[in-house]
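Residue numbers (the working numbering): 96 to 300.
Listed below in structure tokens is the structure:
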């Protein structure tokens, strides 16, 4: 489907899966088949791309100015509203670029920025996050209760427990990306609350 030009969101709707899950599998498929991305982009080019807007072009100008003045990309964790807005706008353009629907005006303008589509570290961190999400989903599907992160816990449960505790902490501090929150809510209902006191453990926990 991806080779045929469908976007990650379109595939997710067709197969009834979370966008993050589809994105994880597409990343693995692109790594295994270097020609997949070019085939996708060629097919997507035949479809209607998004159109640049005046507001979008202004955001792009502001983004370029920001990077030139600071030497870094904007962060969605910033305390500055304008910087967070630029980071969110850039993230949407990255998604469109991966889906092959990025407006040509944006593609040409952003091409001047080094590694603007997928900064290496950010890409690796994103892939690792989705791997953890998939692993925890499989762990719960196997009948286990929510994993614990205490020092007395070891192995897979401890690793997943530490990761889950980190997601809850980031959510509490307002540092967890909204898309990740939605993925967790959709894939792992009840992840925010975790184990319930007085409730009998699930089989296998």
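Glycine is no exception: its CB is placed at the ideal position from the N, C-alpha and C atoms.
Spatially closest choice to residue i from the options, by CA coordinates
i, options, result
"residue 99", "147, 195, 264", "195"
"residue 121", "271, 164, 193, 168", "193"
"residue 286", "273, 260, 272, 274", "260"
Nonlocal neighbours in the same chain, by C-beta distance under 6 Å from residue i, ignoring five residues either side
i, result
"residue 227", "258"
"residue 211", "205"
"residue 279", "286"
Cβ-based burial, residue i [other Cβ within 10 Å; buried from 16]
i, result
"residue 267", "exposed"
"residue 284", "exposed"
"residue 116", "buried"
"residue 262", "buried"
"residue 118", "buried"
"residue 111", "exposed"
Whole-angstrom distance between residue j and residue i, CA atom to CA atom
i, j, result
"residue 247", "residue 183", "39 Å"
"residue 242", "residue 269", "23 Å"
"residue 172", "residue 179", "7 Å"
"residue 271", "residue 254", "19 Å"
"residue 236", "residue 128", "30 Å"
Sequence-distant residues of its chain with Cβ nearer than 7 Å to residue i (five each side left out)
i, result
"residue 281", "113"
"residue 125", "131, 132"
"residue 157", "181"
Integer Cβ distance of residue i from residue j, believed to fall under 8 Å
i, j, result
"residue 290", "residue 220", "About 27 Å; that fails the 8 Å criterion."
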